[in-house]
Amino acid sequence: MDAIVKKYKINGKAARPINTKITPSKVIIHAILGCWSLLTIFPLIWVVNNSFKERTLILQDSFSLVNPTNFTMDNYITAFSRMNIGGAYVNSLIISCSVVIGVMCFGGLGAYVLARYKFPGRNFIYGALISAVLFPAFATIVPVFMALYKLDLVNKHLGVILPQLAGNLPFAIIILVGFMEAIPLELEEAAVVEGCNPLQIFTKIIVPISKPSFATVAIFTFLWSYNDLFMQMTIIRKNEYLPISALLNKISSQYGTDYGLMNASVALVIIPVLIVYLVLQKYIIKGLTAGAVKG
Amino acid sequence: MKKFSKVLAAGLTGVMVLSSLAGCGAKPSETGTSTPAPAADTKQEAEKPAQPVTLRTVSMFGGTDPMKDVYEATIQEFMKANTNITVEDESATADEQWKSKVLIDFAAGNEPDVIFFFTDVNAQALVEQNKVVSVEEIKAVYPDYAPNITEAAMESAKYAGDGKNYAVPVRGYYEGIFCNKALFDQYGLELPTTWENLEKAVTTFKANNITPFAAALGHVPHYFIEHFILAEGGVADHSNKDVAAVKDSWVKGLELFKKFADMGAFPIDTATSKHELQQEAFNAGKAAMFLDGSWAIGGMTDQENTVIVPIPGTGNGKKDPSEIIAGFSSGYYITRKAWDDPAKRDAAVKFVQALTTTDVIRQFVVAAGGGAPAADVGEITGLSKLAASGSKVAGEATAVDGAIDGWLSKQAWDFLLSKVPVIAVGKEDAAAVVDKVIEMEKNK
Amino acid sequence: MIYKDKKIVWIFLLPTVVLVSLFLYLPFLASISNSLYNIPNLAGTNKVFIGINNYKEMLTDPVIMTSVKNTFVMMIYTVVFEVGIAIVLALLVDSVGKMQKFYRTVYFFPVVISATAIGLMFILFYDYNIGLFNQVLAKFGAEPKLWLDEKKALGMLSLPVIWQYIGFYFVIVLTGIAAIPEDIYESAYLEGVTGFQKVRYITLPLIKGVIRTCLILVITGTLKVFDLPWTIAPRGMPNQTTYLLGTYQYKTVYEAARVGYGSTIAVFIVVVGVVISVIVNKLIKQEDM
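Residue numbers (the numbering used here), protein chains in the order written: chain B, 75 to 369; chain H, 507 to 950; chain A, 53 to 341.
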């Protein structure tokens, strides 16, 4: 085992020579990437900018920058005065973090056996998981609600966590299987020689190597769980248990009659997602793949 | 001011009784028995040993609804006055998903104790599953339940399926043409009180590059459907639930979409625009007329120069100029679950009583900037010129009828909505669409 | 083969199988059963068994035809542009040293903003009177345009969908590139393979699995895409020409209260999705890039 780690660690450390010279092709690449970043930064600025405007002004003129004459904090004041923002963030974190952890554990184990074992029913289960990605939430919500009601899970965090876990597992497994299939078998073969059991192989080799893909899955699971208004609002009604996105959506009303409040809500809602993304995306880094085996 | 509200109260009361007697056959069984409650009764109840009760309530006074503050303040006051009762409020903004959520709750047995909900076709599942208690049944035990609600309001808030009252109404609505009076004056036009005036206004505005009607036919054609059929057939035909019998009025009414579209009455992007953006265009003075209900009054920028006018008849004599779309389409229900629970029955009744006092109703109407109160609230002060003009229209109406989507099956209504823009561009024939609606109503 | 012990398979899969069956498959079986009924409201009362009549209706429903056509057109757009641009951006970002972190961060922005807000923004891009596009045209002295007319509407609806989700596939492709062992590049570098050749012969073949995953996700995603198109152009506006399977299914259940027929469409969506996924899997397995 140590031998393998050593071998890969050395290779991992030997970084690719980075060309620091300014070449014409680099300039072109940066120009292209720069243009695209303008297109992606724009909506964020648009949202934050409009969150400081009055609702009527947004429909009349949403593309001008706020200035001292029409600047207003009213939207944020309304949001904070109408509800307990802190409590709502806590609800969101409880729900979404549980879902992320659950999806990583169960999805990781599931993807590992689907990627590595050949067993009767393997293709059937994998196919069934791909089809499950297709189920529209609108088609399954009524029976899900009935079941949760019978289990007395309505208005409880667990009532949202369980269906969200189920909803995100197929996606996680599809992503993770794709990556795990690409991991060269030699590492695991060496580990078997050293007497590791499957669970040890999973925790000591597969998980560290797949860190980038686990990070990706965690990012998107968090995002979807956090933004899944439909499930949250159907199952949780009491304001004190509502997660932040559902609560903010509720006060700014679904079909956006108050656009100012809606933009302020969006600004408040995206902060945690951006933090999660910034924390996790650093694991999606090239060249550390093999070196990370040691953890 | 005093004059308006008197006219409104008297007119609306008389009119609604008249039209409902003429309209549907269901005889009012419990109206007229609303004698003022003896004060002693309530006192006795208050002296009983108070057991802690928790009431769950759901309403559509959520989000940024203007009535939200009055509603929440009333709950707070109620809890202060009845320290043994805790009210858990689960209100949200009413939209299709909210309606569905309420229905799923009722189906799953997770219904609240008191709910403010629609009294129209949306209430079908609630009534048919025997999930809500009729006012008649409540009054048999609590004679002082909803004594202040006018007969007209109770009549209009009846569930059409069986002609019984289940909900206690608070505030009614009316619909009409919102006109930018300044623009009419500028082009020397008369308000659209006759069909000729209306057509002249459309052609004149069109010629002067002003959109005659700010309308998003692909998004919210609801008001136009009702008003065109009303213009063609009057309340008599509009209120006839046997569509086949009044097919002619329906077809001619819907054909007006094509006619008006050809005249250039609608904006160029009417098939893809949104109702809110059109209201914005109206507010900005880019359009001269806007069709909507009393709930749109609050969103109008110019409360001075905007007036509400009833749609005129097309000239075949079927519609009296004063007839409008109006009614009471929502109210407070007590659920069967709460009623059958001896611990909750009393609290639920008290709660609804607290929410429907004449004073609270007055506050609701003021907060909403107009609309018809369900009780005789006397003089309403603080209404804008626009709201007052609307109240006048509602008060002077000789006959009213609720909106078509209050009784038409959701399936048929949805079909009709989706066909409006197609009829307007001449891709489909109004008669064929009406035939399909008749067929859908038969099969439901 | 080192993986012989099959007992462990079921232990590892158990939580997934239980959760997915309970919260996805059982409700979906209920949908299949509902597709054989006429159900006039969401509470499910007044159910009437009508056999395969819903399926018969679907075959002759002109709006379903429009939806299927539109969904496939949008699928082509999303496969080509969403995945295509995502791959190009990921390769470019991977190739630059400086600013990499910045690009990775900002490219994710559109993904985190809710569809309601992005929808409103695009409504205000396209609006005839006050829209940004027509404001720009006016600056150049051009006539205002109707951006959502019947010809352009579907493309105009695809634009925000593609644009919002490029960041999503960008992150996935970037993860795939990150998983390529460094020593492979080094040996290639020593052999003088650089630039475009490196991408063509090393990177792309090695992320084939990831691209396949992206394609399956993009196809299944387009089959049920709902929120953005519904916000910008509800009820298939203009004139029912832009319905997609996802938006038509939603409308059927929530606006028209036809729960049985809506379930039929949901079943149809799943069947189409499974068929296309199988085809994609076969195609990419056979053809080596």
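Every residue, glycine too, gets a C-beta built ideally from N, C-alpha and C.
H/PRO544 (DSSP reduced to helix, strand or coil): Any reading at H/PRO544 must be qualified, since the residue scores a pLDDT of 43, below 50, and its modelled position is unreliable; the value itself is stated next. Of the three classes helix, strand and coil, the one that applies to H/PRO544 here is coil, per DSSP.
Spatial distance of B/THR290 from B/LEU203 (CA atoms): 19 Å
Beta strand (DSSP E) segment containing H/LEU797, residue limits: 793-799
Contacts around A/GLY288, its chain only, beta-carbon distance under 6 Å, and the 5 residues preceding and following it disregarded: THR294, TYR295
Cutoff 7 Å; reference H/GLY805; Cβ partners in own chain excluding five residues on either side: GLN785
Segment contact, 8 Å Cβ cut-off, at least three pairs: the segment 227-247 of chain B with the segment 618-638 of chain H: no
Beta strand (DSSP E) segments (min. 3 residues) lying fully within the segment 831-884 of chain H: 836-840
As assigned by DSSP and simplified to three states, the class of H/LEU561: strand
Where B/GLN134 meets chain H, residues with beta-carbon distance less than 9 Å: GLU786, ASN789, ALA790
CB contact below 8 Å: B/TYR150 versus chain H: no
Under 8 Å by beta carbon: chain A residues contacting B/HIS104: VAL148, MET151
Proximity of H/VAL759 and H/PHE734 at Cβ, strictly below 8 Å: Just to set this straight, residue 759 of chain H is Gly in the shown sequence, not Val. In this structure, H/PHE734 lies closer than 8 Å to H/GLY759 by Cβ.
A/THR304 in three-state terms, based on DSSP: helix
Helix, strand or coil at H/ILE774 [DSSP, three-state]: coil
Beta strand (DSSP E) segment containing H/GLU594, residue limits: 591-595
DSSP three-state assignment for A/ILE84, whether helix, strand or coil: helix
Per-residue burial, A/THR241 [other beta carbons within 10 Å of its own, 16 or more giving buried]: Just to set this straight, residue 241 of chain A is Tyr in the shown sequence, not Thr. It is exposed - the Cβ of A/TYR241 has fewer than 16 other Cβ atoms within 10 Å.
Of the listed residues H/VAL676, H/ASP668, H/LYS670, H/LEU704, nearest to H/CYS685 (C-alpha basis): H/LEU704
8 Å contact criterion, which H/SER597 and H/GLY568 should meet: CB distance rounded: 4 Å
Where H/PRO718 falls: helix, strand or coil (DSSP): strand
Cβ contact check for the segment 275-286 of chain A and the segment 166-174 of chain A: 3 or more pairs under 8 Å: yes
DSSP beta-bridge partners of H/GLU681: H/GLY799
Closer than 8 Å to chain B by CB, H/VAL939: no
Spatial neighbours of B/TYR315 in its chain, beta-carbon cut-off 8 Å, leaving aside the 5 residues before and after: ASN165, ASN229, LYS230, HIS231
Stretch-stretch touch, CB-based, cutoff 8 Å, three pairs: the segment 179-193 of chain B with the segment 296-303 of chain B: no
Contact with chain H by B/TYR315, beta-carbon distance below 8 Å: no
Nearest-angstrom Cα separation, counted from B/ASN313 out to B/GLY334: 22 Å
Alpha helix (DSSP H) runs contained entirely in the segment 254-311 of chain B, provided each spans 4 or more residues: 260-267, 272-275, 285-301, 303-309
At least 3 beta-carbon pairs within less than 8 Å: the segment 123-132 of chain A vs the segment 92-112 of chain A: no
Cβ-Cβ distance between B/SER205 and A/VAL322 below 8 Å: yes
Chain A contact residues for H/GLU617, given Cβ-Cβ distances below 9 Å: By Cβ distance, chain A contributes nothing, its closest Cβ being about 11 Å from H/GLU617, past 9 Å.
Between the CA atoms of H/GLU947 and H/ALA930 - distance to the nearest angstrom: 23 Å
Close beta carbons around H/GLY932, own chain, < 6 Å, minus the five adjacent residues each side: LYS764
Within chain H, partners of A/THR97 - CB distance below 8 Å: ALA613, ALA631, GLU634, GLN635
Alpha helix (DSSP H) runs contained entirely in the segment 599-640 of chain H, provided each spans 4 or more residues: 602-614, 630-634
B/PRO117 CB to nearest heavy atom of the ligand COA below 7 Å: Although the ligand COA was asked about, the structure shown includes no ligands whatsoever.
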